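One structure below.
Protein chains: 2
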Amino acid sequence: MLGLGLALTFMTSALAYQFDNAKDPAYPVLLPTPRNLTFGSQTALIDPCFFAVTSNVTMKEGDTLKVDPKVITANIQEYVTNKVFYKGSDCPATANYLASNVVGLTAEITHQTADLLPPDLEDGDESYTLQVNSSAISIVANQYSGIIRALATLAQLTKYSYSTGRFTYAVKFAPINITDSPRYPYRGFMLDTSRRFFQESTLLQTLDILAAAKFNVFHWHIVDDDSFPFNLTTYPNVTKGGAFTPEQVYSVEQVKNIVAHAEKLGIRVVPEFDNPGHTRAVGFDSYFNEAIRCFMKDWSNNVPDAYRINGGPPTGVLDPSFDKTYELLVGIFTDFNTLFPDNMVHLGGDEVLQSCFNENPNLAKFMEDNNITDYDQLIVWHMAKARYTLQNINRDKKALYWSNEDTFYQEYKDGDILVYWGLAQNITNMTDIYPNQKYVMAPGDYYYMDCGFGNKYGEKAWCDPFKTWWKIYSFDPSDYITGTQCLGSEIAVWSELNGDQNLNVKLWPRGAAMADKLWSDKVPTDLVAIVQRQVAFAEYLNDRGIATSSVVGRWCEKNADHCFAAYPEAKAEKVEELFAATE
Amino acid sequence: MLGLGLALTFMTSALAYQFDNAKDPAYPVLLPTPRNLTFGSQTALIDPCFFAVTSNVTMKEGDTLKVDPKVITANIQEYVTNKVFYKGSDCPATANYLASNVVGLTAEITHQTADLLPPDLEDGDESYTLQVNSSAISIVANQYSGIIRALATLAQLTKYSYSTGRFTYAVKFAPINITDSPRYPYRGFMLDTSRRFFQESTLLQTLDILAAAKFNVFHWHIVDDDSFPFNLTTYPNVTKGGAFTPEQVYSVEQVKNIVAHAEKLGIRVVPEFDNPGHTRAVGFDSYFNEAIRCFMKDWSNNVPDAYRINGGPPTGVLDPSFDKTYELLVGIFTDFNTLFPDNMVHLGGDEVLQSCFNENPNLAKFMEDNNITDYDQLIVWHMAKARYTLQNINRDKKALYWSNEDTFYQEYKDGDILVYWGLAQNITNMTDIYPNQKYVMAPGDYYYMDCGFGNKYGEKAWCDPFKTWWKIYSFDPSDYITGTQCLGSEIAVWSELNGDQNLNVKLWPRGAAMADKLWSDKVPTDLVAIVQRQVAFAEYLNDRGIATSSVVGRWCEKNADHCFAAYPEAKAEKVEELFAATE
Numbered sequence: 001m002l003g004l005g006l007a008l009t010f011m012t013s014a015l016a017y018q019f020d021n022a023k024d025p026a027y028p029v030l031l032p033t034p035r036n037l038t039f040g041s042q043t044a045l046i047d048p049c050f051f052a053v054t055s056n057v058t059m060k061e062g063d064t065l066k067v068d069p070k071v072i073t074a075n076i077q078e079y080v081t082n083k084v085f086y087k088g089s090d091c092p093a094t095a096n097y098l099a100s101n102v103v104g105l106t107a108e109i110t111h112q113t114a115d116l117l118p119p120d121l122e123d124g125d126e127s128y129t130l131q132v133n134s135s136a137i138s139i140v141a142n143q144y145s146g147i148i149r150a151l152a153t154l155a156q157l158t159k160y161s162y163s164t165g166r167f168t169y170a171v172k173f174a175p176i177n178i179t180d181s182p183r184y185p186y187r188g189f190m191l192d193t194s195r196r197f198f199q200e201s202t203l204l205q206t207l208d209i210l211a212a213a214k215f216n217v218f219h220w221h222i223v224d225d226d227s228f229p230f231n232l233t234t235y236p237n238v239t240k241g242g243a244f245t246p247e248q249v250y251s252v253e254q255v256k257n258i259v260a261h262a263e264k265l266g267i268r269v270v271p272e273f274d275n276p277g278h279t280r281a282v283g284f285d286s287y288f289n290e291a292i293r294c295f296m297k298d299w300s301n302n303v304p305d306a307y308r309i310n311g312g313p314p315t316g317v318l319d320p321s322f323d324k325t326y327e328l329l330v331g332i333f334t335d336f337n338t339l340f341p342d343n344m345v346h347l348g349g350d351e352v353l354q355s356c357f358n359e360n361p362n363l364a365k366f367m368e369d370n371n372i373t374d375y376d377q378l379i380v381w382h383m384a385k386a387r388y389t390l391q392n393i394n395r396d397k398k399a400l401y402w403s404n405e406d407t408f409y410q411e412y413k414d415g416d417i418l419v420y421w422g423l424a425q426n427i428t429n430m431t432d433i434y435p436n437q438k439y440v441m442a443p444g445d446y447y448y449m450d451c452g453f454g455n456k457y458g459e460k461a462w463c464d465p466f467k468t469w470w471k472i473y474s475f476d477p478s479d480y481i482t483g484t485q486c487l488g489s490e491i492a493v494w495s496e497l498n499g500d501q502n503l504n505v506k507l508w509p510r511g512a513a514m515a516d517k518l519w520s521d522k523v524p525t526d527l528v529a530i531v532q533r534q535v536a537f538a539e540y541l542n543d544r545g546i547a548t549s550s551v552v553g554r555w556c557e558k559n560a561d562h563c564f565a566a567y568p569e570a571k572a573e574k575v576e577e578l579f580a581a582t583e
Numbered sequence: 001m002l003g004l005g006l007a008l009t010f011m012t013s014a015l016a017y018q019f020d021n022a023k024d025p026a027y028p029v030l031l032p033t034p035r036n037l038t039f040g041s042q043t044a045l046i047d048p049c050f051f052a053v054t055s056n057v058t059m060k061e062g063d064t065l066k067v068d069p070k071v072i073t074a075n076i077q078e079y080v081t082n083k084v085f086y087k088g089s090d091c092p093a094t095a096n097y098l099a100s101n102v103v104g105l106t107a108e109i110t111h112q113t114a115d116l117l118p119p120d121l122e123d124g125d126e127s128y129t130l131q132v133n134s135s136a137i138s139i140v141a142n143q144y145s146g147i148i149r150a151l152a153t154l155a156q157l158t159k160y161s162y163s164t165g166r167f168t169y170a171v172k173f174a175p176i177n178i179t180d181s182p183r184y185p186y187r188g189f190m191l192d193t194s195r196r197f198f199q200e201s202t203l204l205q206t207l208d209i210l211a212a213a214k215f216n217v218f219h220w221h222i223v224d225d226d227s228f229p230f231n232l233t234t235y236p237n238v239t240k241g242g243a244f245t246p247e248q249v250y251s252v253e254q255v256k257n258i259v260a261h262a263e264k265l266g267i268r269v270v271p272e273f274d275n276p277g278h279t280r281a282v283g284f285d286s287y288f289n290e291a292i293r294c295f296m297k298d299w300s301n302n303v304p305d306a307y308r309i310n311g312g313p314p315t316g317v318l319d320p321s322f323d324k325t326y327e328l329l330v331g332i333f334t335d336f337n338t339l340f341p342d343n344m345v346h347l348g349g350d351e352v353l354q355s356c357f358n359e360n361p362n363l364a365k366f367m368e369d370n371n372i373t374d375y376d377q378l379i380v381w382h383m384a385k386a387r388y389t390l391q392n393i394n395r396d397k398k399a400l401y402w403s404n405e406d407t408f409y410q411e412y413k414d415g416d417i418l419v420y421w422g423l424a425q426n427i428t429n430m431t432d433i434y435p436n437q438k439y440v441m442a443p444g445d446y447y448y449m450d451c452g453f454g455n456k457y458g459e460k461a462w463c464d465p466f467k468t469w470w471k472i473y474s475f476d477p478s479d480y481i482t483g484t485q486c487l488g489s490e491i492a493v494w495s496e497l498n499g500d501q502n503l504n505v506k507l508w509p510r511g512a513a514m515a516d517k518l519w520s521d522k523v524p525t526d527l528v529a530i531v532q533r534q535v536a537f538a539e540y541l542n543d544r545g546i547a548t549s550s551v552v553g554r555w556c557e558k559n560a561d562h563c564f565a566a567y568p569e570a571k572a573e574k575v576e577e578l579f580a581a582t583e
């Protein structure tokens, strides 16, 4: 009978554990997927004790490198030592030479700009070629950042392999030839360090993870209503009053370390001062307090709803009728200009609780004197003055703004960049209203990584449910904006419920889905390949001591082909239906 | 003007960091809340180098302790050393005596049973009294488990305090007098170790966390379709074939360690063999393979939907028409009987994919011969035989079963315990159908801790959304079953997306909400007090090196009174509305 028939086919393999038979993919699994990849069937062994890193830099015509060229070689060496040879090495005094013919890595930069990263995002060139054969590894890129992207690919290709009592590293599928470049120039990650403070070490590690997935922008939402952890040298009392505790402040030294670490990894740091809303923390300073509307400190009783955004913790709003408001902006943008070399600065502009303006009886007169008709126009007036204040300090700075369905009254000028956090379905409204702006897409219904855990009352939050790996993959900016008007996207992490302890398991590997999608050419999404990439990226992080979550069950991780084969080939439209039905 | 007025009140306090003014609760915050608590305003300092633990055991009449009484003192000493003095001690050879008058802890047990835990859950008595004054700590309990619950309370009361170069520990609010006992005898935690393997160290640490929140049952869903990590000594090839890898098996020694660690903490371990469904992993053994329906190993092509439960990984079903089916049960229950002293064994019985029975052409004849009319009755027939097989090996064993809306055709006998995992709203249907059973409540819409992260396709899962701390608090068994018919509840963790790396941050502190609710008298839920308990429990775990998540933002943690004061006093009914509106 049938059962018996099965049993017979069975006798021989009964003692094989399930995963003894599980087959690894017969090709390199890389996140993001390179544009062009050819590979072979050899395994290149690398002996870290006999591995030389050399680099050669040819400058772009007319440019002169501002740093010592040795810095570039040192940075590459550091990446190789820490990220590629991730388990270290054990080089004996008298080395017993190992079976490894890979003599080293040569990095060639052909059009380097004066700065490691060109001042403007759109002048960046992250393209690279990577070749790994049985004797050497070679990387060629136009700019420094391309070398770093190539190293990220190399690190994902390299696995620790213990052999004859010596640490070795193996690259399978050699010879490997990769020609690669990103689809979008802006692949960002936003972190809110105001609702909760993150240790410097967490930010440095997060930058390493971002680089591994080829993100290239860290949008640092450094202050907000809840706390002011930025060490404001121009007005130190703002920090002293607004920070949670003296320890929960990013010192000048720490900010410099974070910016330098990011630059080394080809990542731009975009600081944000969200204003005029979300500025309650400033009000703890006695000098600026009078310019903060809705500010309360010593709560005599309940916090009035008029002081909260959707029932959240109390907010504060900078009052445009006070000169001090712009003294503050001068102070903050002066510090930003000193510490953050990138030409992008985010000015916020979201969730201005207009009812707070009613608190100032003199505001009506002020508006009348300035021909400001309503609070919407008052905010437009303020944001224009904020931009002016920024560019008056450094004319090369570009202003970024939060944009969603509630801010379509806003007015922008050429060069302003809109970071859209509204619903994906309303993106087209925005691009109709502002046809001349450039955009970064951070739709809350796809890219808000903190969603799905409820609001502060443990009830449903506006952006629930949780954005699964597949939900993230299902959004593509090119479905909404074509051409170069879209700079790219960013995933956002608001930190009410995130901290040093759970950030990694909450974000990874799923957060890498955005970087994967935006780097690679848009292709029909193959569920098996996607899961293999998510699993491979999680293993990459685990190999380096970073905790992650899982996107599928263990059986499906090891049997992705069988687990998903029955599923109809997934296309974005299909996913849209699925989520339309489930939200 | 108003702004200026505010500024004036301000000049003095501008340099105070926000949390310098945050007030800690002026009373002991304990999770769960003790039934009766009185406290004072002194601080009792404890010097771990001068702290004696003594215990005195008076046996229940007619009982004789099966273990050396010294074991009880040793267990108490171990709890004090590891959990109360959580940062250790530094006792110099010649101690410079410290300003501490707390000379030690005396534990008095008045009605101890022969076993550390009485054989039957309902004979357990976890009540205790705890007194902490400036000179001594005393605990009195009827049984061993009461002492352990008291120690959990003491550990939450005790904070590390460094003083004059010596480690000391402080108990604030002394003198403290607590009289305490649980509302429900079964406060359980279920973990699935088949979809993903958990290290022994993870299970041991989880037991410590459970004890801290006064859980008292570990329901171990040890095997399932995906893998068979239980080391089956009676049929070792079942393990060899069904385990993921040789390393992902719980050895006999490890199971003994886990059971012993649990017993030491007053926690019962209830093993489960889910059958006849969810048994695919058994089919890898050539001997039992013929008794597993729907089993496929070498997938020639896609896994047929007929082999999956809701499109999940393939399942398997034990065929009642094979004698081998009951040989297997004898083997498994024999091993269970050897390794698990508790009298509760879970037989599963959920999600039997009946279409699999069609695979056996001989089954119709078998059913006819046994007067079995349909597949529902076939399953009833099998579960009865499974219970008989269990109790034939040990007549004292009680059978637990999964029960939900799909199993209301099931038939039970006195002593059978139903673990209900259906929707809360359908609990009353069940109790109408089975008025004579006892129940453990694990409603999937409140207590499934793995929900909210989507299914394996990254789409919505049946039990989404995420169960927030507040959702968990909003369920109370007494709203559905009164009296002793309800033994209690358990939270369930299915492990497709959980593993060693993310279990703690996914579960804690919110998972403790159930233990909190079921231990304490049912009271109107005070949001501020709940959040203070959740935050305190998270800090308890953090102090002991265990990572957690956050239930509210940092500002609300430190300003719970202001953060939640504007919120209408939360009652279960109110919460029901909220969730009805948001799901």
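Respectively, the protein sequence lines represent chains A and B.
Residue 278 in the UniProt record's numbering sits at position 278 of the first sequence; the count goes up by one each step and never skips.
Residue 92 in the UniProt record's numbering sits at position 92 of the second sequence; the count goes up by one each step and never skips.
Idealized CB from N, CA, C, for every residue including glycine.
Since we're looking at a predicted model, the values are computed, not measured.
Report the three-state DSSP secondary structure of residue i (helix, strand or coil).
{"i": "C563 (chain A)", "result": "helix"}
{"i": "I76 (chain B)", "result": "helix"}
{"i": "T81 (chain B)", "result": "helix"}
{"i": "Q156 (chain A)", "result": "helix"}
{"i": "V352 (chain A)", "result": "coil"}
{"i": "Y375 (chain A)", "result": "helix"}
{"i": "V217 (chain B)", "result": "strand"}
{"i": "V29 (chain B)", "result": "coil"}
So, for residue i: in the same chain, excluding its five sequence neighbours on each side, which residues have a beta-carbon less than 6 Å away from its beta-carbon?
{"i": "Y235 (chain B)", "result": "G331"}
So with Cβ pairs under 7 Å, would you call residue i a contact of chain B?
{"i": "W402 (chain A)", "result": "no"}
{"i": "E496 (chain A)", "result": "yes"}
{"i": "A529 (chain A)", "result": "no"}
{"i": "T245 (chain A)", "result": "yes"}
{"i": "Y17 (chain A)", "result": "yes"}
{"i": "T153 (chain A)", "result": "no"}
{"i": "P34 (chain A)", "result": "no"}
Could you work out which residue in the options is closest to residue i when comparing CA atoms only?
{"i": "D68 (chain B)", "options": "B:Y79, B:V80, B:S55, B:E61", "result": "B:S55"}
{"i": "T158 (chain A)", "options": "A:G553, A:V303, A:D414, A:Y540", "result": "A:Y540"}
{"i": "Y27 (chain A)", "options": "A:N21, A:F19, A:Y17, A:Q42", "result": "A:Q42"}
Quick one: residues in its chain with C-beta nearer than 8 Å to the C-beta of residue i, no 5 flanking neighbours on either side, listed in chain order?
{"i": "G454 (chain A)", "result": "K460, A461, D464"}
Suppose the cutoff is 7 Å on Cβ atoms and the five residues either side in sequence are ignored; what does the same chain contact list for residue i look like?
{"i": "residue 596 (chain B)", "result": "As displayed, chain B neither begins before 1 nor continues past 583, which places residue 596 (chain B) out of reach and without an answer."}
{"i": "A243 (chain A)", "result": "S227, F228, P229, V249"}
{"i": "N101 (chain B)", "result": "S134, S135"}
Does any residue of chain A bring its CB to less than 7 Å from the CB of residue i?
{"i": "V535 (chain B)", "result": "no"}
Those runs of the beta strand (DSSP E) which lie wholly inside the segment 432-465 of chain B and span at least 3 residues: Taken in chain order, the unbroken stretches of beta strand (DSSP E) that lie wholly in the segment 432-465 of chain B and span 3 residues or more are 438-441.
Could you name each continuous alpha helix (DSSP H) segment of 4 residues or more that falls completely within the segment 517-544 of chain B, going from the start of the chain to the end? Fully enclosed alpha helix (DSSP H) runs of 4 or longer: 527-543.
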